[in-house]
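Undergrad:
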Amino acid sequence: MRTIPEAGKLLLSVIIPCFNEEKSLPVLIDRLEPLLCSAFGSDRWEIILVNDGSHDMTESCIENINQVFPNVWGISLTRNFGHQPALYTGLQNSGGEICALMDADMQDPPEILLDLIRIVHSGEQDVAYGVRANREAGPLIKACYKGFYRLMGSISEHPWQVDAGDFCAMNRRAVNMILSFPERDKFLRGLRSWVGLRQLGVSYSRPKRLLGKSRYNYSRLYLLAMKGVVGFSTIPLRIASFLSLGSGLFCALVAGLLMINRIFPAFTLFGYNIGANQGIATLAVMLLLVSSAILAALGIIGEYLAVVLVEVKQRPVSFISRIIKA
Ligand code: UDP
Ligand code: MG
Numbered sequence: 007m008r009t010i011p012e013a014g015k016l017l018l019s020v021i022i023p024c025f026n027e028e029k030s031l032p033v034l035i036d037r038l039e040p041l042l043c044s045a046f047g048s049d050r051w052e053i054i055l056v057n058d059g060s061h062d063m064t065e066s067c068i069e070n071i072n073q074v075f076p077n078v079w080g081i082s083l084t085r086n087f088g089h090q091p092a093l094y095t096g097l098q099n100s101g102g103e104i105c106a107l108m109d110a111d112m113q114d115p116p117e118i119l120l121d122l123i124r125i126v127h128s129g130e131q132d133v134a135y136g137v138r139a140n141r142e143a144g145p146l147i148k149a150c151y152k153g154f155y156r157l158m159g160s161i162s163e164h165p166w167q168v169d170a171g172d173f174c175a176m177n178r179r180a181v182n183m184i185l186s187f188p189e190r191d192k193f194l195r196g197l198r199s200w201v202g203l204r205q206l207g208v209s210y211s212r213p214k215r216l217l218g219k220s221r222y223n224y225s226r227l228y229l230l231a232m233k234g235v236v237g238f239s240t241i242p243l244r245i246a247s248f249l250s251l252g253s254g255l256f257c258a259l260v261a262g263l264l265m266i267n268r269i270f271p272a273f274t275l276f277g278y279n280i281g282a283n284q285g286i287a288t289l290a291v292m293l294l295l296v297s298s299a300i301l302a303a304l305g306i307i308g309e310y311l312a313v314v315l316v317e318v319k320q321r322p323v324s325f326i327s328r329i330i331k332a
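Using the working numbering, read the sequence shown as starting at 7 and increasing by one per residue.
(1) With respect to 8 Å, is the separation between the Cβ of C24 and the closest non-hydrogen atom of the ligand UDP below this value?
(2) Return yes when at least one heavy atom of the ligand MG lies under 8 Å from the C-beta of Q113, else no.
(3) Output the distance between the C-alpha atoms of R195 and L275, rounded to the nearest integer angstrom.
(4) Starting from the C-beta of R50, find all residues in its chain whose C-beta is less than 6 Å away, skip the five residues before and the five after it, and write them out in chain order.
(5) I need the boundaries of the beta strand (DSSP E) containing V323, first residue and last residue.
(6) For the pair the region 169-187 and the region 96-104, tell me if three or more CB-CB distances fall below 8 Å.
(7) Can you tell me which of F87, G237, G207 puts its alpha carbon nearest to the alpha carbon of P188?
(8) With contact counted as at least three CB pairs below 8 Å, one residue from each stretch, are the region 52-59 and the region 137-144 in contact?
(9) Which residues in the same chain have their Cβ closer than 8 Å to the Cβ of A106, if we skip the five residues on either side of it in sequence?
(10) Of the choices K319, A246, L264, whose alpha-carbon is the least far from that of A303?
(11) Using 8 Å as the cut-off, classify the Cβ of N62 as near or not near the heavy atoms of the ligand MG, replying yes or no.
(12) Residues bridged to N57 by DSSP?
(13) In whole angstroms, what separates the C-alpha of S60 from that of L229?
(14) Indicate, with yes or no, if the ligand UDP has a heavy atom lying under 8 Å from the CB of F87.
(15) Please tell me whether W166 and S209 are closer than 9 Å, where the distance is taken between their beta carbons.
(16) On the DSSP bridge list, what partners appear for Q205?
(17) Hey, would you say R212 sits closer than 9 Å to D114, going by beta carbons?
(18) Using a threshold of 8 Å, is the CB atom of D109 nearer than that to any non-hydrogen atom of the ligand MG?
(19) Once DSSP output is grouped into helix, strand and coil, what is the label at D62?
(20) Would you be able to state if there are at least three C-beta pairs under 8 Å between the region 23-34 and the region 63-78?
(21) Is it true that the CB of Q90 sits closer than 9 Å to the CB of K319?
(22) On a CA-only basis, which of A299, V137, S225 is nearest G207? Give me that one, please.
(23) Which same chain residues, not among the five before or five after L41, have their C-beta less than 6 Å away from its C-beta?
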């Protein structure tokens, strides 16, 4: 639901989630504002800065920006809800016929954003999204990202957009579809590809963060990846049942062989006397194998259960503490 009054027929809303971005924001707006003005005039667009419970001066920085550029305004959330809820709240409060999503830290180049917007504005595509052809990052993190997108490409139940983040432009039709999803746990890039429509990926090189540190450390990235896997594939659950089935069959086989060996002590398998093992090695190995399969299956089920729990609680995605608009 849009919280501020309808600002007439806006062509474009650019939504930017901000967590501790007091240093990056002025640089970004200084670059983005003139680009939007020269492309679309000064009164047909808005930039919505979603302050996601920042601990620094981001909120007063948004106030200052709004005083200079009235169509750049802000939403402050009541606490830090996370990148995806911040983007979603921005979408809910946007009024533009086209919505664009980008980060505040200059990792999504404003010039490429303009290209994405132009593609959607031309009416040729419903969605245009950035594809990270390469990124300035360490080799391990690069490998993790690459691995995740490839994994999602192979296990997702719908065509997954490989190497694409949230950086995109979408027309109102696509935005309304995304806003209509009832699920609480939003993974926007997954929902975006899920809706179908006409979509085009545009390659770009993702630079380093301008200032500050990424919020996504390895454990947060793991949680985000889990969100993607659990939200868009049931294959791990199937693996869990195959694991249980596999370990069950293995147990039955070994139990059968042991029984045969007990009745016919001369029975061997490839010369190996199954029942004659004096030590505990066989037992220990079997036990470890079966119990690890069971634990793996339980872990996978737990991941899905956590998502079910979030969905059952039906909590709002975020709460707004104030609208920053003069
Ligand atoms: N962000 C946010 N809430 C958070 C974490 C991040 O709104 O809890 C914003 C952040 O300010 C930035 C964008 O989301 O504009 C992407 O965050 P970050 O740069 O940390 O992620 P990365 O680019 O490393 O994926
Ligand atoms: Mg970043």
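In this text, a Cβ means the ideal position worked out from N, Cα and C, and glycines have one as well.
TA: Reading from the atomic positions:
(1) Taking the first residue of the sequence shown as 1, we reach residue 24 at position 18. True, at least one ligand heavy atom lies under 8 Å from that Cβ.
(2) As a first step, residue 113 must be located in the sequence shown, where it is residue number 107. Checking every heavy atom of the ligand MG against the Cβ of Q113, one is found closer than 8 Å.
(3) Here residue 195 is taken as the residue at index 189 of the sequence shown, counted from 1. Here residue 275 is taken as the residue at index 269 of the sequence shown, counted from 1. R195 and L275: Cα-Cα distance of roughly 53 Å.
(4) Position 44 of the sequence shown holds residue 50. Once the five neighbours on either side are set aside, the close Cβ partners of R50 are L17.
(5) Position 317 of the sequence shown, counted from the start, is the residue given in the question as residue 323. Per DSSP, V323 belongs to no beta strand (DSSP E) and is neither H nor E.
(6) By the Cβ test, the region 169-187 is in contact with the region 96-104, since at least three Cβ pairs between them sit closer than 8 Å.
(7) Indexing the sequence shown from 1 puts residue 188 at position 182. Looking at the Cα atoms, G237 is the closest of the given residues.
(8) No, the region 52-59 is not in contact with the region 137-144.
(9) The residue given as residue 106 occupies position 100 in the sequence shown. Only L18, S19, V20, I21, L119, L122, I123, C174, A175, M176 meet the Cβ criterion.
(10) Reading the sequence shown from its first residue, position 297 is the one you call residue 303. Minimum Cα distance to A303 is reached at A246.
(11) Mapped onto the sequence shown, residue 62 falls at position 56. For the sequence presented, residue 62 should be read as Asp rather than Asn. D62 Cβ: outside cutoff for every heavy atom of the ligand MG.
(12) Taking the first residue of the sequence shown as 1, we reach residue 57 at position 51. Beta-bridge pairing links N57 to C24, S82.
(13) For the purposes of this step, residue 60 is taken as residue 54 along the sequence shown, with counting starting at 1. For the purposes of this step, residue 229 is taken as residue 223 along the sequence shown, with counting starting at 1. Taking the CA atoms as reference points, S60 sits about 21 Å from L229.
(14) Counting from one through the sequence shown, the residue named residue 87 turns up at place 81. Under cutoff, so the answer is yes.
(15) Taking the sequence shown and counting its residues from 1, the one referred to as residue 166 is at position 160. Taking the sequence shown and counting its residues from 1, the one referred to as residue 209 is at position 203. Going by C-beta atoms, W166 is not nearer than 9 Å to S209.
(16) Position 199 of the sequence shown, counted from the first residue, corresponds to residue 205. According to DSSP, Q205 bridges with V133.
(17) By 1-based counting over the sequence shown, the position of residue 212 is 206. By 1-based counting over the sequence shown, the position of residue 114 is 108. A contact, by the Cβ cut-off of 9 Å.
(18) Indexing the sequence shown from 1 puts residue 109 at position 103. Yes, since a heavy atom of the ligand MG falls inside the 8 Å radius drawn around the Cβ of D109.
(19) Working through the sequence shown from its first residue, we reach residue 62 at position 56. The answer is coil: DSSP assigns D62 none of H, G, I, E or B.
(20) The region 63-78 vs the region 23-34: in contact.
(21) What you label residue 319 is simply residue 313 of the sequence shown in a count that begins at 1. What you label residue 90 is simply residue 84 of the sequence shown in a count that begins at 1. No, the pair does not count as a contact, with Cβ atoms beyond the cut-off.
(22) Here residue 207 corresponds to residue number 201 of the sequence shown, with the count starting at 1. Ranking the options by Cα distance to G207, first place goes to V137.
(23) Position 35 of the sequence shown holds residue 41. If we look at L41 and ignore the five residues flanking it on each side, its Cβ neighbours are P116, L120.
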